[in-house]
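Chemist: The structure under discussion is supplied below as structure tokens; questions concerning it will follow.
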RNA sequence: GGAGAGGUGGCUGAACGGAAAAGCACAGGCCUCGAAAACCUGAACCCUCUUUAGGGUCUGUGGGUUCGAAUCCCACCCUCUCCGCCA
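Here is the structure:
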């Protein structure tokens with residue numbers, strides 16, 4: 028949510044921001060309502076002042092009593108008129124996305140995102156690399172057929188070494204982020220509507236989230252959505268910022284707008300596990316913290332030695348709560364292109380304002396809204412894809428990235444004998 | 001699911017139909033060579049374009065009763081304790 032005073036004072040900046048984000052909001056209407064609201068508010072407040080004065084002592088005089096009763100009705104009448112105005116005003120206010128930071132490049136959609144750097148050399152093979160799904164199915168690591176049987180499309184079973192790899196990856200996250208002051212958290216995955224709304228994912232993302240009607244709870248699409256609200260209505264001491272967490276949880280997405288997109292395999296599924304970084308920080312530090320998050324993401328993927336590129340999102344591809352956003356895209360050899368594995372956003376005070384998350388400033392001693400930053404550590408499905416693709420061997424086996432070997436009892440998945448066909452590993456057979 | 005207790009500022013906590021005590025922490029002032037202590041003032045949100053100044057709102061949320069509600073009534077949310085069920 029934006030500050031109404033800011034909108035009042037800088038309507039053109041807000042309009043410009045909405046335009047850049049390709050979001051249509053009637054700011055003129057909002058300001059009109061705001062003006063009307065203040066008019067009514069002033070009237071009702073002066074009546075109320077009168078009433079307070081009158082009622083500051085017991086009223087026995089019949090004349091005064093009559094007057095007081097009149098005031099009561101007048102106030103009630105004005106408040107009745109105020110109600111729909113405020114309702115509409117709030118509705119519009121909640122539709123306004125966070126404004127992009129000044130240094131975010133302008134662009135309509137993902138086509139205008141900017142590649143800011145590439146890391147590593149694209150993996151070379153002396154054979155034609157296969158796609159991850161074929162390899163994984165041969166090794167019995169991913170089972171989408173049975174998942175379809177029991178749950179429908181866009182689900183998958185991770186099995187055997189793939190299941191073990193998930194925990195190895197999480198261990199790598201622990202070892203990388205805990206020294207940086209991140210507090211590990213395993214959060215609930217169900218969340219109250221007002222909290223979900225506070226994070227800015229309802230207005231323009233309602234179709235994307237699962238809702239459990241019977242219990243009035245949403246399923247989180249990422250643990251960001253629940254770590255933010257964890258500190259709702261709280262005040263941080265200035266010295267405690269930045270407060271860094273990383274959450275590990277299952278994530279649930281309806282993928283309602285993605286018909287026909289990435290339908291194969293586990294690249295885009297309704298449920299996956301993810302380790303997510305989250306930080307509450309000082310407004311002046313948020314740009315720095317955002318870059319720090321990007322640095323952590325790069326560190327994590329570099330440790331896996333997977334080639335990637337960093338993409339800066341243009342204004343049109345930011346999403347509602349973000350003011351700036353970077354993605355990391357890993358090299359996927361079989362597709363000969365980069366695909367998104369990580370994303371980090373600076374949401375400035377947009378979420379904090381909605382959720383009333385403040386801090387006491389060390390210098391001014393005033394209460395101010397904190398800034399929130401989020402970023403992927405590892406999204407399991409996608410990073411598994413990147414590992415399998417980049418570490419595949421001619422014989423259909425998959426090597427384990429060196430950094431993960433210390434968490435596992437194997438260095439390779441497979442190998443397969445080309446004559447005998449696929450040999451699923453026996454060691455972990457259930 | 002059943003029974004009981006409770007939700008008040010940054011924190012602790014009183015008032016239980018008539019201006020939201022008090023303490024702690026914090027800030028400014030005063031004092032001082034400087035500080036501490038004591039004392040005074042302030043402290044959330046909104047409005048009056050800004051200041052001065054004034055007004056309004058805020059006792060979990062939303063309604064109701066009343067001239068007046070933290071206080072009484074209704075609904076809902078949440079927390080704690082006990083019982084039941086349970087991985």
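In my numbering, the protein residues as written are 28 to 457.
Ideal placement from N, C-alpha and C gives every residue a C-beta, glycine not left out.
1. Would residue 32 be called buried (16 or more neighbouring beta carbons within 10 Å of its own) or exposed?
2. What are the boundary residues of the alpha helix (DSSP H) that residue 398 is part of?
3. So what's residue 309 in DSSP terms, helix, strand or just coil?
4. How do the stretch 373-387 and the stretch 396-406 stand: do at least 3 beta-carbon pairs fall below 8 Å, yes or no?
5. So residue 245 packs on residue 218, CB below 8 Å; how close in whole Å?
6. Could you tell me if residue 286 is buried or exposed, where buried requires 16 or more neighbouring beta carbons within 10 angstroms of its beta carbon?
7. So residue 354 is in the beta strand (DSSP E); what residue range does that whole segment cover?
8. Enumerated in chain order, which unbroken segments of the alpha helix (DSSP H) with a length of 4 residues or greater are wholly contained in the stretch 267-336?
9. So, with DSSP's three-state summary, where would you put residue 217?
10. Where are the alpha helix (DSSP H) runs, 4 residues long or more, that stay fully inside the stretch 185-256, in chain order?
11. Tell me which residues share the same chain as residue 389 and place their Cβ nearer than 6 Å to its Cβ, disregarding the 5 neighbours each side in the sequence.
12. Whose C-alpha, out of 412, 112 and 86, is nearest the C-alpha of residue 57?
13. Measure the alpha-carbon distance for residue 177 versus residue 169 and round it to whole angstroms.
14. Flag this pair as yes or no: are the beta carbons of residue 259 and residue 382 separated by less than 8 Å?
15. Going by the DSSP bridge assignment, what does residue 178 pair with across the sheet?
16. Indicate the three-state DSSP secondary structure (helix, strand or coil) for residue 170 in the structure shown.
17. Can you grab the Cα-Cα spacing for the pair residue 187 / residue 353, in whole Å?
18. Measuring alpha carbon to alpha carbon, tell me which residue in 117, 220 and 47 is nearest residue 134.
19. Run the proximity test for residue 240: is its beta-carbon closer than 7 Å to any non-hydrogen atom belonging to the ligand ADP?
20. Helix, strand or coil: which one does DSSP assign to residue 263?
21. Could you tell me the alpha carbon to alpha carbon distance between residue 224 and residue 101, rounded to whole angstroms?
Modeler: In this structure, then:
1. exposed
2. Counting along the chain, residue 398 falls outside any alpha helix (DSSP H), though it belongs to the beta strand (DSSP E) covering 398-406.
3. coil
4. yes
5. 5 Å
6. exposed
7. 351-359
8. 313-330
9. strand
10. 187-204, 220-225 and 251-254
11. 265
12. 112
13. 14 Å
14. yes
15. Its beta-bridge partners do not exist; DSSP assigns none.
16. strand
17. 33 Å
18. 47
19. The ligand ADP is not part of the structure shown, which contains no ligands of any sort.
20. strand
21. 34 Å
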